[in-house]
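First up is the structure itself, then whatever we jot down about it.
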Amino acid sequence: MKRTALWVTLSVAAALLVATSASANLLVNGDFEDDNFGIPNWVPGWTIATFWHPGWGTGAPMLDRKTGYSTFTGTGIPFSGNYFLATDTMGHGNFHVGAYQSFNVTPGATYLVTGGFMGGVQASNDTAWWEVKVADGTTTDPDAPGTIIAQKVRPAGEGFFQFREEFSGTFTAGANTATIFLKWGRAQSADYVISAAGFDNLVVVPEPASILALASGLAGMAGLALRRRA
Ligand SMILES: [Ca+2]
């Protein structure tokens, strides 16, 4: 009996070790510290996208790695290392931009997503929003149905606004890949102002609770097998 208990304990420890080693960040360059800083429209591991930009005659703002903002003092601080994925732009706002990355998951498993985001809008009538979303499968469609992990909305007409927050949330995989979107948008208005967005320290790992459930499930099965054998 004591030997069985020891065996069960060891198998739990082994399962946890396996689960822990499998819990490295599933995202590539989630902390945006990879080199090549300064090359526009290219961040290793991520696809930078202009999802929607219907007009005003100027190019949409492009996300790039930065060290800080000048307008939104106190928000442009990396959540890890020296850089974060960021953009700021000045002008009439009507855009919907961001970055995305696909990664491998196990269907039915639950994953924990953590990170930080930030941004701001100068006094204006614009509606602005910042969002982190995970969709099933490998997709480039920012409007694909998915789980919203974090969202910040600045309603129109509220004047100067800035924020910098950490977030966490979970999603359950429905396919063998998933795609995370980091999105930023501002509604059309006549206001000519500065606005900004940033994302940093994105980490996706199997949810600790489901790792524990897996480990104790394995241990339970091992214990049962031993008891039956005895
Ligand atoms: Ca960073």
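With the working numbering applied, the sequence shown corresponds to residues 30 to 259, in that order. Ideal Cβ positions, reconstructed from N, Cα and C, are used throughout, including at glycine. Here the structure is a predicted model, which is why all the values come from computation and not from measurement.
- Shortest gap from the CB of serine 109 to any heavy atom of ligand 1: under 7 Å.
- Proximity of the beta carbon of asparagine 54 to ligand 1 is not indicated: no heavy atom of the ligand is located closer than 7 Å.
- Checking the DSSP bridge columns, you'll see tyrosine 112 has no partner listed.
- Secondary structure of serine 52 (DSSP, three-state): coil.
- Residue side-chain check: phenylalanine 146 keeps its Cβ at 7 Å or more from all non-hydrogen atoms of ligand 1.
- Of the residues Gln191, Asn154 and Leu231, the one whose Cα lies closest to the Cα of aspartate 117 is Gln191.
- Contact check between the stretch 192-211 and the stretch 143-160: three or more CB pairs, one atom from each, fall below 8 Å, which counts as touching.
- If only complete runs of 3 or more residues are kept, the stretch 101-172 shows the beta strand (DSSP E) at 113-121, 124-133, 139-150 and 157-165, in order along the chain.
- Look at phenylalanine 61: its beta carbon is less than 7 Å from one of the heavy atoms in ligand 1.
- The Cβ atoms of asparagine 154 and glycine 120 lie no closer than 8 Å to each other.
- Serine 224 carries a strand assignment under DSSP once its states are collapsed to helix, strand and coil.
- Judged by DSSP in its simplified three-state form, proline 235 adopts strand.
- Aspartate 229 is bridged by DSSP to Gly145.
- Cβ-Cβ separation between alanine 179 and phenylalanine 196: approximately 4 Å, consistent with a contact (criterion under 8 Å).
- Remark: fewer than three beta-carbon pairs, one from each stretch, lie closer than 8 Å, so the stretch 132-140 and the stretch 220-231 are not flagged as touching.
- One alpha carbon belongs to glycine 203, the other to aspartate 165, and they sit about 6 Å apart.
- C-alpha of proline 174 to C-alpha of glutamate 194: approximately 24 Å in a straight line.
- Taking a 10 Å sphere around the C-beta of tryptophan 71, we find fewer than 16 other C-beta atoms and assign the residue as exposed.
- Taking the Cα of threonine 96 as reference, the smallest distance to any Cα among Ala226, His125, Gln130 and Phe124 is reached at Ala226.
- Bridge pairing for aspartate 60: absent [DSSP].
- Sequence-distant partners of glycine 110 (beyond 5 residues in either direction) whose C-beta falls short of 6 Å from its own C-beta, in its chain, are Asp60 and Glu62.
- Proximity to alanine 152 across Phe189, Thr169, Thr168 and Gly144 peaks at Phe189, based on C-alpha coordinates.
- Here the alpha carbons of threonine 143 and lysine 181 stand approximately 15 Å from one another.
- With respect to threonine 176, threonine 139 sits apart: the two C-beta atoms are not nearer than 8 Å.
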